[in-house]
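Working notes, beginning with the structure itself.
Residue numbers (this note's numbering): 6 to 470.
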């Protein structure tokens, strides 16, 4: 497995090689082609002038050719050769007159073809051009021009050396920049990895020092947000474990104390034994109730999927009121309902019953003597709303944000006296959320509390009605 440094280095090296290949090829090739084009234009024009001037003669002869050339200004070439149609040299800048030529370009030009060749070496541009001489519509001979240009070759060669030097400097500068960039980038990644290992070791309060505004910085911010959530969850878990241990320890301690009292007290009156046993039973019920609530919270935390079905909320409220009527009568609290027919939500009967039961039970327990509890049920085009109002002691505004926190109690002494564990509203909140609903809390006027629960109104396809 290759490291990021190796992969990025190979990628940049490949790009650099391609760039340098183009840089060392394209300018030289373009410059050479431009020079070759210039050679073609120059030689073709001079050869055309010579050929046109010779075509005015009756025939090609050494004297006539010399006379014509004396009137022309042929410059920039190293050799000029003119032959007749019998391949005999009539003029040669190198003095080889009267002999048959062996220049292939001249022999080709006698066949009424124009010939141009140009080659480049590090020393010179070697160019040749040949074209026929036509007299009275017949090929009477041919003209040959030869050029050996060292100046243009020197310019191209110098350009090639400059490009090569520039390529070396670019390669060195790129390598330095890449090394510095990779060091800085990899160091930031190493810092992020080191922070991850610290958090993985359990230090959720660790935060990464984020610099810059690029993608790695964004990743660092997301990492810090994750550690904040982990820290909050860890703190909540510790509080939950501590509170759960306390809630379970209290009834167990009471049961142990009562049983020890029975065992260690000789000749305890039967009435006192019965009273202690009743207290043990009450503490056992309290312990069972707390355990069931903890199991319910565990199920909600695990996000166990349940089979939802159409639930008639009106009937659920009536069942809850019937079950809680004796407790309400015992505390002199009146239960009132205002229920709209046809209010159906997609949930489970048990969950909906538990939501309504907990809200109404709290409204009764924390009410005042001769108080009342009002349950409203209505729906609109989007949602089904359940509202539970009471005339009890109310909830201070500063406490409303915390009432759905597990084991949270506003008045701990009164909550314990009423049998509360601080888990009921938390379970209600999580259950409502599990069924895509919302729950809010407000004040009732002139006193008391108001809980409002809303569920999405199901479609006919969901209910099958």
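Cβ coordinates follow ideal geometry from the N, Cα and C atoms, glycine included.
This structure is a prediction, so every number in the text was calculated from the model and none was measured.
For residue 378, report the span of its beta strand (DSSP E) as first-last. For residue 378, the enclosing beta strand (DSSP E) covers residues 377–384.
Relative to the C-alpha of residue 351, which candidate in 229, 316, 344 has its C-alpha closest? When only C-alpha atoms are compared, the closest one is 316.
Rounded separation between residue 385 and residue 342 - CA only: Going by the C-alpha atoms only, they are around 18 Å apart.
If we count the other Cβ atoms within 10 Å of its Cβ and call it buried at 16 or more, is residue 434 buried or exposed? Residue environment: residue 434 is assigned as buried (16 or more neighbouring CB atoms within 10 Å of its CB, all protein chains considered).
Is the stretch 112–125 close to the stretch 9–28, with three or more CB pairs under 8 Å? Taking one beta carbon from each stretch, the stretch 112–125 and the stretch 9–28 have fewer than 3 pairs nearer than 8 Å; the two do not touch.
Can you check which of these residues, 52, 145, 231, is closest to residue 91 by C-alpha distance? Among 52, 145, 231, the Cα nearest to that of residue 91 is on 145.
Run through DSSP, which three-state label would residue 165 get? In this structure, DSSP gives residue 165 a helical state, which the three-state scheme calls helix.
Which of helix, strand or coil does DSSP assign to residue 87? Reduced to three states, the DSSP call for residue 87 is strand.
Between the alpha carbons of residue 93 and residue 52, how many angstroms are there, rounded? Straight-line Cα distance between these residues: approximately 18 Å.
Cα-Cα, which of 229, 219, 113 is closest to residue 211? Out of 229, 219, 113, 229 has the C-alpha closest to the C-alpha of residue 211.
Beta bridge counterpart(s) of residue 362 as assigned by DSSP: None, per the DSSP bridge assignment.
What residues match up with residue 31 in a beta bridge as DSSP calls it? Beta-bridge partners assigned by DSSP to residue 31: none are found.
Take every Cβ of the stretch 137–156, pair it with every Cβ of the stretch 173–189, and state whether three or more of those distances are shorter than 8 Å. The stretch 137–156, when compared against the stretch 173–189, does not touch it at the 8 Å Cβ threshold.
I need the straight-line Cα distance from residue 423 to residue 324, nearest angstrom please. Note that residue 423 has pLDDT 45, beneath the 50 cutoff, so the model's placement of it is unreliable and the number below is only indicative. A straight line joining the alpha-carbon of residue 423 with that of residue 324 spans about 22 Å.
DSSP has residue 137 in a bridge; who is on the other side? According to DSSP, which records beta bridges pairwise, residue 137 is partnered with 147.
Best match in 355, 347, 333, 381 for proximity to residue 367 [C-alpha to C-alpha]: Residue 367 has its Cα closest to that of 333, out of 355, 347, 333, 381.
Bounding residues of the alpha helix (DSSP H) (the contiguous stretch that carries residue 331): Counting along the chain, the alpha helix (DSSP H) containing residue 331 begins and ends at 318–335.
Span separating the alpha-carbon of residue 379 from that of residue 214: Between residue 379 and residue 214, the alpha-carbon positions lie close to 54 Å from each other.
Chain-order list of residues whose beta-carbon lies under 7 Å from that of residue 54 (same chain, five-residue window excluded): Taking C-beta separations shorter than 7 Å and ignoring five residues to either side along the sequence, the partners of residue 54 in its chain run 77, following chain order.
Just curious, the alpha helix (DSSP H) that residue 439 is in, first and last residue? Segment 429–439, the alpha helix (DSSP H) holding residue 439.
Got a sec, what are the start and stop residues for the alpha helix (DSSP H) residue 72 sits in? For residue 72, the enclosing alpha helix (DSSP H) covers residues 67–76.
Tell me the rounded alpha-carbon separation between residue 292 and residue 189. One C-alpha to the other measures close to 59 Å.
Verify whether the separation of the beta carbon atoms of residue 149 and residue 87 is less than 9 Å. Closer than 9 Å, so yes.
Coil, strand or helix - residue 127 by DSSP: Coil.
Proximity to residue 397 [Cα-Cα], best of 447, 154, 222: The candidate whose alpha carbon is nearest that of residue 397 is 447.
Buried or exposed: residue 465, going by 16 or more other Cβ atoms within 10 Å of its Cβ? Residue 465 is exposed by the Cβ-count criterion.
Using the C-alpha atoms, what's the distance from residue 191 back to residue 428? One C-alpha to the other measures close to 48 Å.
Would you decide whether residue 234 is buried or exposed? Buried here means 16 or more other CB atoms lie within 10 Å of its CB. That one is exposed.
Beta carbon of residue 82, beta carbon of residue 152: below 9 Å? It is a contact, given that the beta carbons lie within the stated cut-off.
Check whether the stretch 126–137 touches the stretch 150–169, counting contact only when three or more Cβ pairs, one atom from each stretch, lie closer than 8 Å. Touching, yes, given that three or more Cβ pairs across the two stretches are closer than 8 Å.
What residues in its chain sit with their C-beta under 6 Å from that of residue 222, if we drop five residues either side in the sequence? Counting only Cβ-Cβ distances below 6 Å, and skipping sequence neighbours, we find 215.
Could you give the distance in angstroms between the alpha-carbon of residue 313 and the alpha-carbon of residue 353? Distance between the alpha carbons of residue 313 and residue 353 is about 5 Å.
Using CA atoms only, rank isn't needed, just tell me which of 329, 345, 344, 346 is closest to residue 338. Check the Cα spacing between residue 338 and each of 329, 345, 344, 346: the tightest is with 329.
For residue 188, which of helix, strand or coil comes out of DSSP? Under the three-state reduction of DSSP output, residue 188 falls in the helix class.
Can you confirm whether residue 456, when its beta carbon is compared against all beta carbons of chain D, has any partner nearer than 9 Å? Here chain D cannot be found, since the structure has a single protein chain.
Close-in-space but distant-in-sequence residues of the same chain around residue 456 (CB under 6 Å, 5 per side omitted): Cβ within range, chain order: 364, 393, 446.
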